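The structure under discussion appears below in the form of structure tokens.
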Amino acid sequence: MTGIILLALYVALFVAAMVGVGLVTRGREKHDFTALKTVTFGDESAVRPNRIASVISVLVIFLLWGAFTGSSITPIHVPGPFVGEGGFSYTARDAAGQEDDAEVRFTVHPVGEAVEEPALEEGEGFAKNDVGLIGAYRSELFRVVANDGEGAEVIAVNGQAIAPGETVAIENGTVTMTPRGSLNVAPARGFQMESIWLPAPEEVVAAFIDIAVNGYQNFTLFEHLGWSLIRVLAGFVLGAAVGIPLGYAMGLSGWFRGWFDPIVEFMRPVPPLALIPLVIIWFGIWETGKIVLLFLAALWIMAIAARAGVSGVNITKIHAAYSLGASKAQILRHVIIPNSLPEIFTGARVAMGVCWGTVVAAELVAAQKGAGMMIIAASKFQLTQIVIMGIILIGLIGYGIDILMRKAEDWLVPWKGRS
Amino acid sequence: MTGLSIESISMRFDLPNGGHVQALQDVTLSLREGELMSVLGPSGCGKTTLLNIVAGFLAPTEGVLTLNGHRITGPDAERGMVFQQGALFEWMSVRDNVEFGPRMKGMDVNQRREKSDHLLDITGLQDFKEKAIYELSGGMQQRVALARCLANDPDVILMDEPLGALDALTREKMQGLVLKLWKETGKTIILITHSVEEALLLGERLIVMAPRPGRIHREYRLPFAEAGVDADLREVKKMPDFGVKREEILSMIWEMEEEIMGRTENA
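Below, the structure is given as structure tokens:
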């Protein structure tokens, strides 16, 4: 139910923002060349990302996240769980067939908060009043007839007849009769998520600050993330150091191509995650195993990228270099390698992405430190705020790696796509 | 013996389906030093194959090629090549492209800088020396290709439709530049083209090749290249003989094309 409300709200906000921003910015569009294009549907170059939409999109995520977790960062919230005093009356019948009414009073309190039970006044008749405490989001079993004498049983709640398995709605909750005649009182839960399912944004921030200051599981946050990055870099560098020469050899020699083609083509579609069990059997769960795994993840991607880079050299460039008197070594150094750099960079970006994903997965399986270890350890203790913080950091680092690779590419291969 | 000599070259290779192609049959030619020869012919007549054999990229199945008395067995700096497009190195500046040949030979920096400065000046690229290749227009890129080839000081320059990808106006300017460079450097040049006008303008000698098998069909000796060195090329084109020759060669090639079409349709 909460999911459907969330989706409906998200769609509503999407549409409202689109219409709203459209109205506000009408007449203030840019008057550049693209604005004069009449055909924009299907012209990819005319589709420019609306940056206002990007900003609102991120804000909406935090707004909904806050609204559904009772966060203090958002002004509005969906209804939360009922907290406070409540009660209902029930009718009991004793063995002699007499009927009597009694009251049940309860206090719903946030879990972890110490509260006192409401004062009990037993009342008149054989059915005595009851009191109890219920944690928010929880339910509580009330054996209301326990103090009502031998053979008494509940026949109605708030005047409505009730039988085992049936539910009666009361103010701010429901009462369900169990097969054994007890009353299960479930206060209204509202639509907010409990912290162990989805913590509020500020809890995630607090977890981040706490771990940044105090560390987690014997290692600082910097060490956890740093170790993941070191593993990725080590695996990637080794994979590139072997894969690029291998790819060049495959691109330059028929024998190498023929020899390694079956191996590379077979290994390429094997997901690195599928290699984790074998790598653990062979190399153990420590650093060697992880670096071997990442090496294998990067190796085939880099080999294929380098091979494609060599195949992609325009033959006229090679011919030109030969007729300018260049030797084979000079052609490799001055023509083939620079010409394959764009392909190698594309491969490197893919490989870094795959390695980052693989290292997190490998750390989920077994590790003492690392981003993946941090979130799997936290999940075992239901520390959802740390899990979410870890996922956000993993995402940010992966995004950061890609941005750095792109910057390096622009700097080192400025001619890419312009020949 | 100086000059380029091509003796009874044939080129025949097998196809995967069991057939074979006779790309060239018994081509014999000799060029003296400093000669400018253009080669014309319908598509599939083997003119690019011939050029690639002279460049040393392909080996003929029969016949011998010699340059200044020694056999041609592979590519070498003595035979420079100018391609239609895509042969420049995008990762180098204009200057580095021009200096590529001398640098590979190990010429020292100052010498090759002097050389590239001179060549970039005479090709009209003095203001673009440090630009990246992708910042230049197609015409300017071909000027770089010419300068790069000349920087290596080859004995023979082979041009494979060097102006084919340029627009008409740029092409005309570049034709003037080719003539100017030919006269100034005195290089032996073989130029392949699709354009009859260009072949007439840029050939002391003009060879028309015929297809299937590729062979020399006719040879002309023409005055237009010599005339074009000093005169406006548009004036050269107005010479009465120019028009006559153009029509003659056009109809010759036209007939060959018709014949090819007919043969394919009957096959």
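Line order of the protein sequences matches chains A and B.
Numbering-wise, my numbering comes out as the position in the first sequence, counting from 1, plus 145.
Numbering-wise, my numbering comes out as the position in the second sequence, counting from 1, plus 51.
Note that CB positions come from ideal geometry on N, CA and C, so glycine has one too.
Model, not experiment: these values are computed from the prediction.
Per the DSSP secondary-structure output, L116/B pairs in a beta bridge with I57/B. Around the beta carbon of A198/A, fewer than 16 other beta carbons lie within 10 angstroms, which makes this residue exposed. For L252/B, same chain residues with a beta-carbon under 7 Å away, outside a window of 5 residues either side, are Q226, F275, A276, G279, L284, V287 in chain order. Put simply, of K175/A, V203/A, L154/A, L486/A the residue whose alpha carbon is nearest the alpha carbon of H222/A is L154/A.
T239/B is positioned such that its CB atom lies no closer than 8 Å to that of G120/B. Under the Cβ criterion (8 Å, minimum of three pairs), the stretch 93-112 of chain B does not count as touching the stretch 175-187 of chain B. Setting aside the 5 residues that flank it on each side, R222/B is surrounded in the same chain by L214, each with a C-beta closer than 6 Å to its C-beta; the list follows chain order. In summary, A180/A is exposed, with fewer than 16 beta-carbon neighbours lying within 10 Å of its beta-carbon over all protein chains present.
The beta carbon of L91/B sits closer than 6 Å to those of A250, V259, all from its chain and outside the five residues before and after it, given in chain order. Residues of chain A with a Cβ closer than 8 Å to the Cβ of P126/B are, in chain order, H464, Y467, S468.
In this structure, L75/B places its C-beta atom within 8 Å of the C-beta atom of M62/B. Identification of chain B residues near W560/A by a Cβ-Cβ cut-off of 8 Å yields E141, W142, A183, I184, Y185, ordered along the chain. A direct Cα-Cα distance of roughly 31 Å separates G434/A from P487/A. Taking the Cα positions, E311/A is about 47 Å away from G540/A. Secondary structure in the stretch 324-369 of chain A: the alpha helix (DSSP H) runs of 4 residues or longer, each lying completely within the stretch, are 346-359 in chain order. Shown here, D239/A sits in coil according to DSSP, grouped into three states, outside any helix or strand.
Taking the C-beta atoms as reference points, D239/A is found no nearer than 8 Å to G148/A. Spatial neighbours of Q73/B in its own chain (CB-CB distance under 8 Å, excluding positions within 5 residues in sequence) are listed in chain order as S61, M62, R63, R263, P264, G265. Using a CB distance cut-off of 8 Å, N195/A does not count as an interface residue toward chain B.
Taking 8 Å as the cut-off, the Cβ atoms of A247/A and G215/A do not count as close. Not a single C-beta of chain B is nearer than 8 Å to the C-beta of A453/A.
In the structure shown, the three-state DSSP call for R266/B is strand.
When only Cα atoms are considered, W342/A and T529/A end up about 7 Å apart. Flagged as an interface residue toward chain B: T461/A, by a C-beta distance shorter than 8 Å. Under the three-state reduction of DSSP output, F271/A falls in the coil class, being neither helix nor strand. The count of Cβ pairs closer than 8 Å, one atom from the stretch 191-202 of chain B and one from the stretch 144-151 of chain B, reaches three, so the stretches are in contact. For H71/B, the uninterrupted beta strand (DSSP E) run begins and ends at 71-82, by DSSP.
Q193/B counts as buried, since at least 16 other C-beta atoms from the protein chains shown sit within 10 angstroms of its C-beta. By the C-beta criterion, the stretch 459-469 of chain A is judged not to be in contact with the stretch 395-403 of chain A, since fewer than 3 inter-stretch pairs fall below 8 Å. With a threshold of 16 other beta carbon atoms within 10 Å, V424/A meets it and is buried. With a threshold of 16 other beta carbon atoms within 10 Å, H479/A meets it and is buried.
Just so you know, the alpha carbons of F178/A and G187/A end up roughly 17 Å apart. For A471/A, the closest Cβ of chain B is nearer than 8 Å. E262/A counts as exposed, since fewer than 16 other beta carbons sit within 10 angstroms of its beta carbon. For V260/A, there is no enclosing beta strand (DSSP E), as DSSP marks it with neither H nor E.
Remark: C-beta atoms of G502/A and I446/A do not approach each other more closely than 8 Å.
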